[in-house]
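Reading through the structure tokens given below for one structure.
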Amino acid sequence: MARRAGISPERVGGIVLAAGASVRAGCSKALATLDGEPFVLRVARALSEGGAAEVVVVVGPPREAAIRAALSAAELVGVRAARNPAPERGMRSSMLVGLDALGAVDAALVALVDQPRVRADTIAALLGAPGAPLVRPVYAGARGHPILVRRALFAALRDAPDGASARDALAGAPAVDLDVDDPGVADRLDTLEAIRRAGGRAPGAG
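Here the sequence shown stands for residues 0 to 205, where the numbers follow numbering that gives the first Met the number 0.
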């Protein structure tokens, strides 16, 4: 897995949010495939090739074991899993698990596992954006993911009150909205129908 050198002097880690139960999809979104590759591997690969020094995939019950097995089989360099024991607490809880697992980084790229078409060059563009604490990709007027969260905002995520969402914690933060030519940042392949429309397959589908 080749990483793109010289994009940013910062040490940047990637976080893939894959701890949800995928209730709407009725199957594991992380293990759904596009072009024969599980979503979780495609997202992790894009983050790494785009410039993340390491990538943490946040997993949780009930599909933790299957996702860990897929990561292990792929042997992606610099990609590992971390467990969120209570993903029902929401996306912010998984972001905090990811930040704790990454340790000393200057910024974190936070990606959704149901966006397998995001490109590595989009990740590189986010890293090359001006140094605002928060950088968000925008495609056709719609904000998307992955987002780049710099260290200045880590405390806001950690110190938000119980029940606060990641959006609540980051509300009002100085941000740059970066226009990108990548429809993948606006994907939400969170239903079986959406997965199929995008050319994907449910896990185990022939």
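Beta carbons: idealized from backbone N, C-alpha and C, even for Gly.
Quick one: residues in its chain with C-beta nearer than 6 Å to the C-beta of residue i, no 5 flanking neighbours on either side, listed in chain order?
i, result
"residue 142", "135"
"residue 40", "73"
"residue 137", "176, 178"
"residue 96", "57, 81, 83"
Excluding sequence positions up to five away, which residues of its chain have a Cβ less than 7 Å from the Cβ of residue i?
i, result
"residue 45", "117, 118, 119, 122"
"residue 201", "26, 31, 191, 194"
"residue 168", "91, 155, 156, 159"
"residue 18", "57, 58, 59, 83, 86, 93"
"residue 171", "none"
"residue 21", "27, 28"
Closer than 8 Å by C-beta to residue i: which residues in its own chain qualify, once you throw out the five before and the five after it? Chain order, please.
i, result
"residue 174", "131, 132, 133, 134, 135"
Terminal residues of the continuous beta strand (DSSP E) containing residue i?
i, result
"residue 108", "106–111"
"residue 16", "11–16"
"residue 53", "53–58"
Buried or exposed: which applies to residue i, given that a residue is buried once 16 or more other Cβ atoms fall within 10 Å of its Cβ?
i, result
"residue 87", "exposed"
"residue 64", "exposed"
"residue 13", "buried"
"residue 115", "buried"
"residue 62", "buried"
"residue 34", "exposed"
Per DSSP, which one or two residues make a beta bridge with residue i?
i, result
"residue 178", "137"
"residue 147", "108, 134"
"residue 254", "What the structure shows of the chain is the stretch from 0 to 205, and residue 254 is not part of that stretch, so it cannot be assessed."
"residue 142", "137"
"residue 78", "54"
Would you kindly report the start and end of the unbroken alpha helix (DSSP H) that includes residue i?
i, result
"residue 192", "191–196"
"residue 96", "90–101"
"residue 39", "38–49"
"residue 64", "63–73"
"residue 166", "165–169"
"residue 206", "It is not possible to answer for residue 206, since the shown part of the chain is limited to 0 through 205."
"residue 119", "119–126"
Counting Cβ pairs, one atom from each stretch, are 3 or more of them under 8 Å apart for the segment 71–81 and the segment 103–117? no
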